[in-house]
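Below you'll find the structure, written out as structure tokens, and then a few comments.
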Amino acid sequence: MAQQTTASSERMMEEVRIVTGEAVLLDAAPASAAARMLSGLIDYGLTTIGLILSIITLLAVRPVSTSGPDPLVMIAFSLLMLGWIVLFPLTVEVASRGSSIGRWVMGLRVVRDDGGTVRLRHCLVRTLLAVVEIWGTWAVPALCASI
91 MAQQTTASSE RMMEEVRIVT GEAVLLDAAP ASAAARMLSG LIDYGLTTIG
141 LILSIITLLA VRPVSTSGPD PLVMIAFSLL MLGWIVLFPL TVEVASRGSS
191 IGRWVMGLRV VRDDGGTVRL RHCLVRTLLA VVEIWGTWAV PALCASI
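So the sequence shown is numbered by this note's numbering: it starts at 91 and just counts up by one.
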């Protein structure tokens, strides 16, 4: 009698049974850590590229000032940072109901505990926490948690 062995990744990925608000039982498998990390790299890489190109454009079209930093350029820089780091990811995630460009490429989606789609407040909390965790600490807590 041969015993069939399963890979360690298959043993760790348990099938989760979710009961939705409509009392429907869903069988859902959580995404692997590698798929989550790759989708995050795609998302934050595109955001970084967009932010850098916007800053380069801002610096190219700004008026030349010899008396130090121009306050209007500093305001425009702050608004660019706010737009690319908070508003763009929030808008994409709300409009696509829990997906983003990286998650779309990987075939993933964010859902609530009961399997429903995320709303504006869920996406806002996720985006504001990403500002602290991903941009503020360079994702070190997320990388330590995945090991």
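For each residue, glycine too, the CB sits at the ideal point set by N, CA and C.
- When only Cα atoms are considered, Ile191 and Ile146 end up about 23 Å apart.
- Ranked by Cα distance from Met127, the first of Met196, Ala166, Pro159, Phe178 is Met196.
- Bounds of the alpha helix (DSSP H) holding Ala235 are 230-236.
- For Leu170, the closest of Glu223, Val215, Leu149, Asp133 by C-alpha to C-alpha distance is Leu149.
- Nearest neighbour of Ile132 by Cα position, chosen from Trp194, Ser186, Thr181, turns out to be Trp194.
- Comparing alpha-carbon positions, the option among Leu214, Ile224, Val201 lying closest to Ala121 turns out to be Val201.
- When beta bridges are read from the DSSP output, Val201 appears opposite Thr207.
- In the structure shown, Asp117 adopts extended strand secondary structure according to DSSP, grouped into three states.
- Burial is judged here by how many other beta carbons sit within 10 angstroms of a residue's own beta carbon; Ala220 has at least 16 and is buried.
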